[in-house]
Amino acid sequence: MSEILFDEVPSLDLADFTSGDADRRARFVKQLGDAYQNIGFIALRNHGLSDDLTQKLYAATQKFFALPDEVKEKYENPELAGQRGYVGKGKEKAKGFNTGDLKEFYHVGQDKNVIPDNDPIKQEYPDNIFPAEVPEFEEVTLEAYRRLEAAGKEVLRAIAIHLGLDENYFDDKVKYGNSILRPIHYFPIENPDSVPADAVRAAEHGDINLITLLMGASADGLQVLRRDGQWIPITALPEQVVVNVGDMMARLTNNKLKSTIHRVVNPPRELMHTSRFSIPFFMHPRSEMDLTCLESCIDEKNPKAYPDATAGEYLNERLVELGLKKA
99 MSEILFDEVP SLDLADFTSG DADRRARFVK QLGDAYQNIG FIALRNHGLS
149 DDLTQKLYAA TQKFFALPDE VKEKYENPEL AGQRGYVGKG KEKAKGFNTG
199 DLKEFYHVGQ DKNVIPDNDP IKQEYPDNIF PAEVPEFEEV TLEAYRRLEA
249 AGKEVLRAIA IHLGLDENYF DDKVKYGNSI LRPIHYFPIE NPDSVPADAV
299 RAAEHGDINL ITLLMGASAD GLQVLRRDGQ WIPITALPEQ VVVNVGDMMA
349 RLTNNKLKST IHRVVNPPRE LMHTSRFSIP FFMHPRSEMD LTCLESCIDE
399 KNPKAYPDAT AGEYLNERLV ELGLKKA
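Residue 302 in the numbering used here sits at position 204 of the sequence shown, with consecutive numbering throughout.
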C-alpha cells in the first residue's frame, strides 16, 4: 500500500461498522486500515459515550484533582506499581527520558465484581481504589470504562477483519482484559523557571496497549509524529474520541499497524499556570495473550521484528521503563 501523509487525523463513524450494512462496514474497515497503516490514529464518533456522562466524568475528575496533595496521596499505593488509584506529580517518565512528566493521574481498572469467580484472571487484578471525598467518582468512571471497552471491542473486530483474521479474533483475548481508565491532570506551573528545562506535560512516547481510546481533552497540546518527521496536532471534536494503535498491536502485526509516537506539549509560557485534563482508556488484553508476530505479517521485506512475549511479560517490562515498577 502506498504511504499516505495525513494532514489531520481521519474521522470515522463507528455506526458504519455496527450498521449491519456490508458496504458501510467494508468502507469503515478500509478507512481504518489506511489510517492505522500510516498515521496510527483516527477520530471516532458514535462511540457510545453520552455528552452527559462525559460532562459528569470531567466534573468528578476536576473535583478530585482540586483536592490538596496530602489528601490525594491517601489514594496512592506504591506497591501496586501505579495499577490502581492515584499516581503523584512527576512520578511517570517516558521511555528513554529521565525527567518526569508534568502530570498526575488516577487509574481505574477492571471491575472485579463483573468477573466470574471461576475465571483465574480475577485473582490477578488488585481492587479498585476510589476517593471518599468524591463519591460520584466511582459510578461515573466505571460507567465510562464499560462504554469505552464496548467501543474498543468493535474497533478490534474491524482491525481483525482488516488483518484477514476472524472478526472475533480479539474477543476472548480482551474479555475482562487488563484495561485502564486514566483521568489525567496536567497541573498548573505558576513559575515555569521552577521546573527542569526539559520537563513537558507528556514526553514523546508510544502507548503500551492494543489500542487507546482518548476522550476529548480540555485544551490543545496533543501531537503525533508523522512518518516524514513532522509533528501534527491532534484535534477531535467534542463528540469524538481519538483511537490509536498501541505497541502491543504493533508487535502482534510486526509493525503493519503503526504505534505512532505522540506527545503533549507545554502551552505558551503565559498559559503554563493553567490546567489541562485528559482521559484516555488504555485497552489491554488478558495477561496470557500471545503477542508473537502474526505469520501473515511477516515476509522477506518485513522480517520478524520482535521476540515472542505474552502481554503480561511485555507490560511488566514497560512498567519498569516508565519508573512505576522496580526491576
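The beta carbon of each residue, even a glycine, is placed where N, CA and C say it ideally should be.
Residue i - containing alpha helix (DSSP H), residue span
i      : result
Tyr134 : 120-134
Met387 : It is not in any alpha helix (DSSP H) - Met387 carries neither H nor E in the DSSP assignment.
Val339 : No alpha helix (DSSP H) holds Val339; the beta strand (DSSP E) holding it covers 339-343.
Glu302 : Here Glu302 belongs to no alpha helix (DSSP H); instead the beta strand (DSSP E) covers 300-303.
Val253 : 234-260
Val169 : 167-170
Buried or exposed (CB count within 10 angstroms, at least 16 for buried), residue i
i      : result
Asp406 : exposed
Ser100 : At Ser100 the pLDDT is 49, less than 50, meaning the model places this residue with poor confidence and gives no usable figure here.
Ala230 : exposed
Glu177 : exposed
Lys399 : exposed
Pro378 : buried
Gly118 : exposed
Leu110 : buried
Leu312 : buried
Ala300 : buried
Leu335 : exposed
Start and end residues, beta strand (DSSP E) containing residue i
i      : result
Leu323 : 320-323
Asp111 : 109-111
Ile282 : 282-284
Ile330 : 329-331
Ile140 : 139-143
Arg416 : Not the beta strand (DSSP E): Arg416 falls in the alpha helix (DSSP H), residues 409-419.
Leu312 : 309-313
Cβ distance (whole Å) where residue i is taken to contact residue j below 8 Å
i      : j      : result
Asn276 : Gln328 : 34 Å between Cβ atoms; not a contact.
Glu302 : Leu320 : About 11 Å separates the two Cβ atoms, so there is no contact after all.
Glu171 : Tyr184 : 7 Å
Phe139 : Val340 : 6 Å
Asn317 : Asn353 : First, the residue type needs correcting, since residue 317 is Ala and not Asn in the sequence shown. The Cβ separation is near 32 Å, so there is no contact.
Short CB-CB distance (under 8 Å) between residue i and chain D
i      : result
Ile377 : Absent from the structure: chain D. Only one protein chain is present.
Q: For the region 213-231 and the region 282-291, state whether three or more C-beta atom pairs, one from each stretch, are separated by less than 8 Å.
A: no
Q. Would you call the region 366-381 and the region 128-147 touching, i.e. three or more CB-CB distances under 8 Å?
A. no
Q. How about the region 296-312 and the region 343-355: do they share at least three Cβ pairs that are nearer than 8 Å?
A. yes
Q: Assess, as a yes-or-no matter, whether the region 115-128 is touched by the region 247-260 under the definition of 3 or more beta carbon pairs within less than 8 Å.
A: Using a C-beta cut-off of 8 Å, the region 247-260 makes contact with the region 115-128, since at least three inter-stretch Cβ pairs fall below that distance.
Q) Do the region 290-302 and the region 188-204 meet, that is, are 3 or more Cβ pairs less than 8 Å apart? A) yes
Q) What beta strand (DSSP E) runs, 3 residues minimum, are completely inside the region 183-220? A) 183-185, 202-205
Q. Do the region 383-390 and the region 409-418 make contact, defined as three or more Cβ pairs closer than 8 Å?
A. Cβ pair count under 8 Å is three or more, so yes.
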